[in-house]
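Residue 72 is where the sequence shown starts when you use this note's numbering, and the numbers rise one by one after that.
Below is one structure, written out as structure tokens, with a few remarks after it.
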Amino acid sequence: MSILNILQYPDERLHDSAKPVAKIEDRIQKLVEDMSDTMYAASGIGLAATQVNVQERVIVIDISESRDDLLVLINPEIILKEGTIIFEEGCLSVPGVFDRVERFERVKVRALDKLGEEFDLDAEGILSVCIQHEIDHLDGKVFVEYLSRLKQGRIIKKLKKQQQNLDYQEVL
Ligand code: NI
């Protein structure tokens with residue numbers, strides 16, 4: 072079991088665009104395991120490889136209360152989208168920040184599972200929001216970038232201050 076380091080906004084590497092996975096090999100299986108360990112340890116409901124500084128199109132999600140219903144999406148593509156939903160989102164890369172974002176209410180996503188089998192999934196509500204949020208990460212976009220410039224400026228200031236405080240605590 073390995074817990075990976077999660078990049079914190081506004082780390083520039085969160086703006087990198089991830090490449091499709093060419094082959095589901097042992098390396099990818101290990102990445103999926105480490106990403107799910109990391110997501111569960113951080114009590115998140117989703118994590119994209121971009122957030123652990125791996126620029127490949129891999130996502131793990133678990134929206135279940137019991138934390139035992141792992142969904143793995145490799146090379147996900149949204150093939151249908153409809154409706155709108157406004158949800159208050161947070162992100163493991165933007166700790167302590169929550170804000171409202173408008174997304175598609177329902178999506179159909181096509182992806183490979185961790186064995187490389189293609190499947191389609193119809194998602195709505197929180198699962199749909201989560202899939203769109205994580206695919207954004209793979210495209211180098213963080214949810215706060217849907218907010219106003221003013222809010223983004225405040226968030227960056229707040230996070231930089233938190234990060235400075237953390238550095239200071241480490242020195243002690
Ligand atoms: Ni996120």
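Quick reminder that beta carbons are idealized off the backbone N, C-alpha and C, glycines included.
Within the same chain, show all residues whose beta-carbon is closer than 6 Å to that of residue i, passing over the 5 residues directly before and after it, in chain order.
i, result
"LEU218", "ASP170"
"GLU205", "GLY117, ALA119 and ILE130"
"GLY245", "Outside the shown range of the chain, which is 72 to 243, sits residue 245, and nothing can be said about it."
For residue i, collect the residues of the same chain with a Cβ closer than 7 Å to its Cβ; drop the 5 residues on either side in sequence, then sort them by chain order.
i, result
"GLY92", "First, the amino acid is wrong: residue 92 is Val here, not Gly. Cβ neighbours of VAL92 beyond the five flanking positions: ILE99, GLU127, ARG128, VAL129, ILE145 and ASN146."
"ARG138", "TYR111"
"ALA113", "ILE77 and LEU163"
Taking the straight line between their C-alpha atoms, what separation do you get for residue i and residue j?
i, j, result
"SER199", "PHE175", "7 Å"
"MET244", "THR109", "Any question about residue 244 goes unanswered here, given that the chain covers just 72 to 243."
"ASN236", "LEU85", "21 Å"
"PRO81", "LYS90", "21 Å"
"CYS162", "ILE132", "13 Å"
"VAL178", "SER135", "19 Å"
"ASP193", "GLU148", "12 Å"
"LYS228", "ILE197", "29 Å"
"LEU221", "ASP97", "44 Å"
"VAL215", "GLN223", "6 Å"
Check the C-beta distance from residue i over to residue j and give it rounded, since I have them as a contact under 8 Å.
i, j, result
"GLU160", "VAL172", "5 Å"
"PHE95", "LEU209", "For the sequence presented, residue 95 should be read as Ile rather than Phe. About 16 Å separates the two Cβ atoms, so there is no contact after all."
"LEU75", "MET106", "7 Å"
"VAL280", "ILE202", "Nothing in the structure corresponds to residue 280, since the chain is present only between 72 and 243."
"SER88", "GLN122", "Wrong, their Cβ atoms sit about 14 Å apart, outside the cutoff."
DSSP three-state call for residue i: helix, strand or coil?
i, result
"PHE190", "strand"
"GLU83", "helix"
"GLU96", "coil"
"LYS231", "helix"
"LYS222", "helix"
"LYS90", "strand"
Leaving out five residues on either side along the sequence, give the residues of the same chain with a beta carbon under 8 Å from the beta carbon of residue i.
i, result
"LYS185", "ILE95, ILE99, GLN100, VAL103, VAL143 and ILE145"
"PRO166", "GLN79, LEU230 and GLN233"
Report the residue ranges of all beta strand (DSSP E) runs contained in full by the stretch 117 to 186; include only those spanning at least 3 residues, in chain order. 117 to 119, 129 to 132, 142 to 153, 156 to 160, 170 to 174 and 177 to 183
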